[in-house]
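K.L.:
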Amino acid sequence: MSRLPDHYFDRIYAAAEDPWQLSTRWYEQRKYAITTAMLPNRQYRHAFEPGCSIGTLTQRLVERCDHVTAIDVAEGALQVADERLRRLNCRHQVTLAQASLDQPWPQGAFDLVVLSEVAYYFNAGLLSAVLNRECARLMPGTTVVAAHWRHEVIDYPLTGDIATDIIASTHGLKSIGRYCDRDVVIEVFDTGVGASVAMREGLPGVVR
Ligand SMILES: C[S@@+](CC[C@H](N)C(=O)[O-])C[C@H]1O[C@@H](n2cnc3c(N)ncnc32)[C@H](O)[C@@H]1O
């Protein structure tokens, strides 16, 4: 069982502060807007964001979450994230730590888990084992969102589509919504009964 090694990402961040141009590309801004728009709850208490990179999605998550615990394997990425979140005056809402998605997830009673552009760095066996182990510890009603690039990348063990299918097969996760275009697939899951937004809001006429 394996994943791309930490030094793969250290090398990338040694060469560029924002290697995927997450802070400047319209593609990323649009994708973040879709991802956050798909979250079924208006507000979350505590999100877990593995693979936070330089904090560009983290800065959007703090608008919807009281607190975010964000981890990354690359120290270079975390330094830039730290600076970004300080500049935006939201550093106090974020715990940053150097850690890998396959390590035991931090304690935190998370009600949101954000797997954005990180699952395809794992092979199928490890990704499935980690998610089955850690999602079983999440509270009922936790939202899990997965957003991944669909085009093949030669270095990556999985495509975004296969990574999303593996996440969808995690025991106890129910899909409550999916967006897919030629570039990206975004799927939202729930560890509870899989209630729709209208059900959560008690809209009249909703069939359960
Ligand atoms: C393409 S960036 C994604 C950034 C952000 N999640 C987003 O969607 O914009 C991928 C990040 O995942 C990190 N990463 C790679 N493998 C990881 C692992 N096993 N655990 C945690 N982070 C990892 C990399 O260092 C990199 O910063």
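To convert, note that position 153 of the sequence shown is 152 in numbering that gives the first Met the number 0; the numbers rise steadily by one, no gaps.
Glycine residues also receive a C-beta, built at the ideal position from the N, C-alpha and C atoms.
I'd like the ranges of any alpha helix (DSSP H) spanning at least 4 consecutive residues and lying wholly in the region 48 to 92.
P.N.:
Fully enclosed alpha helix (DSSP H) runs of 4 or longer: 57 to 60 and 74 to 86.
K.L.:
Using the DSSP secondary-structure output, state which residues sit across from F8 in a beta bridge.
P.N.:
Its beta-bridge partners do not exist; DSSP assigns none.
K.L.:
I'd like to confirm something about V184: is its beta-carbon nearer than 7 Å to some heavy atom of ligand 1, or not?
P.N.:
Checking the Cβ of V184 against ligand 1 gives no.
K.L.:
At which residues does the beta strand (DSSP E) containing L125 begin and terminate?
P.N.:
Unbroken run through L125 is the alpha helix (DSSP H), A123 to C134; no beta strand (DSSP E).
K.L.:
Which ranges would you report for the beta strand (DSSP E) in the region 136 to 198 if only whole runs of at least 3 residues count?
P.N.:
Fully enclosed beta strand (DSSP E) runs of 3 or longer: 142 to 148, 173 to 179 and 183 to 189.
K.L.:
Taking the straight line between their C-alpha atoms, what separation do you get for L100 and A15?
P.N.:
Cα to Cα, L100 sits roughly 23 Å from A15.
K.L.:
Count the other CB atoms, across all protein chains shown, that sit within 10 Å of the CB of I33; report buried if there are 16 or more and exposed otherwise.
P.N.:
Exposed, since its Cβ has fewer than 16 Cβ neighbours within 10 Å.
K.L.:
Can you tell me whether E62 is buried or exposed? The criterion is at least 16 other CB atoms within 10 Å of its CB, across all chains shown.
P.N.:
By the neighbour-count rule (16 or more Cβ atoms within 10 Å), E62 is not buried but exposed.
K.L.:
Distance, Cα to Cα, L126 vs L202?
P.N.:
If I take the Cα positions, the gap works out to 37 Å.
K.L.:
Return the residue from the list N88, T190 and N122 that minimises the CA-CA distance to A135.
P.N.:
Checking every option, the nearest Cα to that of A135 belongs to T190.
K.L.:
By DSSP, does Q97 sit in helix, in strand, or in coil?
P.N.:
Strand, per DSSP.
K.L.:
Can you tell me where the beta strand (DSSP E) holding M114 begins and where it ends?
P.N.:
Correcting the residue type first, residue 114 is Leu in the shown sequence and not Met. Looking at the DSSP string, the run of the beta strand (DSSP E) that includes L114 is L111 to S115.
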